[in-house]
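Asks: Encoded as structure tokens, here's the structure I'll be asking about.
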Ligand code: SF4
């Protein structure tokens, strides 16, 4: 069990949670481990099997605390939420926009612009303290991403848009080995993105980080009353949180990728923190998983400036602001969707 | 399509403060932590009411559910005092009391909300409710409010306006005003962008035309 800034993560099999007064009491094998006031809590994330009393569940639902459950392999299972926020009209407008090719294209374009623009900013930031040998390679990547950004402005259908996005993603990931620093990241390597299951430590970290980010985005979308399953850039598929995946694009690089590289380059995670199954899947060991969760929650407290809103916020709040802006765009209050973009 | 709309007493407060705020909360149903926790606190807090003649007050009801079928208004009153009054059929006359926290001065919104409670009570008990009071916690003062004709008119008009917003499901656009600074919904309303003076397309163009 780890409490990291408003989120209670349950990581020990068979943990029991119940309500005593206005507190959540955490019990592991009949031993009381912690007591957290309900009003300090935003969400409860069960990463291993846990047992919540119906009374606690009711209080969580009533006070808007999200409870989510993940399977033992880290796969998302369910999130418990009360009456959805927003209203059915907003969702109908969302569905109409998703059925309208022109609006879908414009929304998807803005989302990809956000994604590529932030990927480029991340590369530019990383170049500053990259090893000299890699600086020109990273400049080259940033340049290519800038070209892709220009192309995005003129693509005229969704397939072409997804095509450019794919190439940009490939160029971006190709720069990853250059971001690993010799000293700290000893023993780590990156030879392209793989998932289901991840087959090296870097991919294991990225997958874990994206899974957390996805849940944050899904929660932010439900919070403003949008349906996280009806997306624009990502095609709908049963069981897929398409809109949450859409929203997540602009945050992958600045939130998850940045965190993963900082943990690895500073030597906060070591190759020993991972274990490889016989079949090749790579998993984080329990302690490393906890360390990652704490680092992730801490990273969300970092301040950042919102370029469009021209106000300070935190990385943790950013998906909520973007969900709000997306809802306003769907409602027609804005002329287009302004993705969260890091300052150049 | 005729929608069967009901206005909640608290919506009137929001409406008189800002129509967009009322629509965001009651049409878009934006979930607002501050408001929820604030109203939750209110229900649990017991308020002493100094300065009141306790011989006159024979019963005090708290968190009273109220409603008017005529106006299609419903909600909860913090507190209703029932005063002995032989001139009424039941021997009681309701006297709504609204408790305000903080130091701010009384607003039309407070009077309208209280008056709406009175209109509900009149319908529920079949007696006239000529006055009530707003009790300010910080100042420990009780302000009598008379439900005169202009206040009743303003109240009924506000209720009607709220019905229209709910029926048409419309959310008025933001108009940035000084009151936005004191508005707890500001972070969800985003008046600086939704008031229409900011163009997203320009912002997107800046993102794509970067140096290569
Ligand atoms: S921020 Fe201003 S416009 Fe928006 S709801 Fe509040 S008072 Fe109304």
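Residue numbers (the numbering used here), protein chains in the order written: chain A, 433 to 776; chain B, 3 to 214.
Don't be surprised by glycine CBs; every beta carbon is placed ideally from N, CA and C.
It should be emphasised that the depicted structure is a prediction, and the values quoted were computed from it without experimental measurement.
1. How would you call residue 527/A, buried or exposed, if buried means at least 16 neighbouring beta carbons within 10 angstroms?
2. Please confirm whether any heavy atom of the ligand SF4 lies closer than 8 Å to the CB of residue 19/B.
3. Who are the neighbours of residue 203/B on chain A, taking C-beta pairs under 9 Å?
4. Where do the N-terminal and C-terminal ends of the beta strand (DSSP E) with residue 769/A fall, by residue?
5. Taking the alpha-carbon positions, what's the residue 624/A to residue 586/A distance?
6. Would you mind sorting residue 67/B into buried or exposed? The rule is 16 or more other CB atoms within 10 Å of its CB.
7. Threshold first: 4 residues or longer. Then list the alpha helix (DSSP H) segments lying entirely within the segment 534–619 of chain A, N to C.
8. Look up residue 48/B in the DSSP assignment and say whether it is helix, strand or coil.
9. Just by C-beta distance, which residues in the segment 477–511 of chain A are closer than 7 Å to chain B?
10. Taking the alpha helix (DSSP H) that residue 476/A belongs to, which residues open and close that run?
11. Examine the ligand FAD and report whether any of its heavy atoms sits within less than 8 Å of the Cβ of residue 15/B.
12. For residue 746/A and residue 134/B, I'd like the C-alpha separation in whole angstroms.
13. Return yes when at least one heavy atom of the ligand SF4 lies under 8 Å from the C-beta of residue 187/B, else no.
14. With the cut-off set at 9 Å, would you say residue 693/A and residue 611/A are in Cβ contact?
15. Skipping 5 residues on each side, what residues in its chain have a beta carbon closer than 7 Å to that of residue 773/A?
16. Check for me: the beta strand (DSSP E) holding residue 146/B runs from which residue to which?
17. Once DSSP output is grouped into helix, strand and coil, what is the label at residue 450/A?
18. Assuming residue 722/A is part of the alpha helix (DSSP H), what are its boundary residues?
19. Please name the residues in the segment 740–762 of chain A whose beta-carbon is closer than 7 Å to at least one beta-carbon of chain B, in chain order.
20. Count the other CB atoms within 10 Å of the CB of residue 771/A; is the residue buried (16 or more) or exposed (fewer)?
21. Which residues, in order along the segment 166–185 of chain B, keep a beta-carbon less than 8 Å from a beta-carbon of chain A?
22. Determine which residues of the segment 530–555 of chain A have a Cβ less than 9 Å from any Cβ of chain B, and write them out in chain order.
23. Could you tell me the alpha carbon to alpha carbon distance between residue 699/A and residue 498/A, rounded to whole angstroms?
24. Residue 2/B to residue 599/A, Cα distance in whole Å?
25. What residue from 731/A, 721/A, 485/A and 519/A has the CA that sits closest to residue 640/A's CA?
26. Run through DSSP, which three-state label would residue 67/B get?
27. Could you spell out the range, first to last residue, of the beta strand (DSSP E) harbouring residue 502/A?
28. Considering only the beta carbon of each residue, do residue 787/A and residue 645/A sit closer than 9 Å?
Replies: Reading off the structure:
1. Counting from one through the first chain, the residue named residue 527/A turns up at place 95. With fewer than 16 other Cβ atoms within 10 Å, it is exposed.
2. Stepping through the second chain from its first residue, residue 19/B is reached at position 17. Taking non-hydrogen atoms of the ligand SF4 into account, the C-beta of residue 19/B is found less than 8 Å away from one of them.
3. To locate residue 203/B, count along the second chain from 1; it is residue 201. Per Cβ cutoff of 9 Å: 767 and 768.
4. Translated into the one-based positions of the first chain, residue 769/A becomes position 337. Counting along the chain, residue 769/A sits inside no beta strand (DSSP E), nor does DSSP assign it H or E at all.
5. Taking the first residue of the first chain as 1, we reach residue 624/A at position 192. Taking the first residue of the first chain as 1, we reach residue 586/A at position 154. Cα-Cα distance, rounded: 28 Å.
6. In the second chain, residue 67/B corresponds to position 65, counting from 1. Exposed, because fewer than 16 other Cβ atoms sit within 10 Å of the Cβ of residue 67/B.
7. 564–586, 590–606 and 608–611
8. One-based indexing of the second chain puts residue 48/B at position 46. With a pLDDT of 48 at residue 48/B, under the threshold of 50, the predicted position of this residue should be treated as unreliable, though the coordinate-derived value follows. Reduced to three states, the DSSP call for residue 48/B is coil.
9. 496
10. To locate residue 476/A, count along the first chain from 1; it is residue 44. Run containing residue 476/A: none in the alpha helix (DSSP H); it sits in the beta strand (DSSP E), 475–478.
11. Looking at this structure, you won't find the ligand FAD anywhere; what it does contain is the ligand SF4.
12. For the purposes of this step, residue 746/A is taken as the residue at position 314 of the first chain. For the purposes of this step, residue 134/B is taken as the residue at position 132 of the second chain. Rounded to the nearest angstrom, the two C-alpha atoms are 46 Å apart.
13. Here residue 187/B is taken as the residue at index 185 of the second chain, counted from 1. Yes, the beta carbon of residue 187/B sits closer than 8 Å to at least one heavy atom of the ligand SF4.
14. The residue you call residue 693/A lines up with position 261 of the first chain. The residue you call residue 611/A lines up with position 179 of the first chain. Yes, the pair counts as a contact, with Cβ atoms nearer than the cut-off.
15. Here residue 773/A refers to the residue found at position 341 when the first chain is read from its first residue. Annotation for residue 773/A: 546, 549, 550 and 739 place their beta carbon closer than 7 Å to its own, counting only its chain and skipping 5 residues before and after.
16. Numbered from its first residue, the second chain carries residue 146/B at position 144. Element bounds for residue 146/B: 143–148.
17. For the purposes of this step, residue 450/A is taken as residue 18 along the first chain, with counting starting at 1. If DSSP states are grouped into helix, strand and coil, residue 450/A belongs with the strands.
18. To locate residue 722/A, count along the first chain from 1; it is residue 290. That run of the alpha helix (DSSP H) goes 718–731.
19. 740, 741, 756 and 760
20. By one-based count along the first chain, residue 771/A stands at place 339. Label assigned to residue 771/A: buried.
21. 171, 173 and 175: these are the residues of the segment 166–185 of chain B whose beta carbon lies less than 8 Å from some beta carbon of chain A, given in chain order.
22. Going along the segment 530–555 of chain A in chain order, one finds 541, 542, 545, 546, 548, 549 and 552 with a Cβ nearer than 9 Å to chain B.
23. The count along the first chain starts at 1 and reaches residue 699/A at position 267. The count along the first chain starts at 1 and reaches residue 498/A at position 66. Approximately 33 Å, taken between the alpha carbons.
24. Absent from the structure is residue 2/B, since the part of chain B shown begins at 3 and ends at 214.
25. Taking the first chain and counting its residues from 1, one reaches residue 640/A at position 208. Comparing Cα-Cα distances from residue 640/A to each of 731/A, 721/A, 485/A and 519/A, the minimum goes to 721/A.
26. In the second chain, residue 67/B corresponds to position 65, counting from 1. DSSP places residue 67/B in strand when its eight states are reduced to three.
27. The residue you call residue 502/A lines up with position 70 of the first chain. Judged by DSSP secondary structure, residue 502/A falls within the beta strand (DSSP E) whose first and last residues are 498–502.
28. The shown model of chain A, from 433 to 776, leaves out residue 787/A, and the question about it has no answer.
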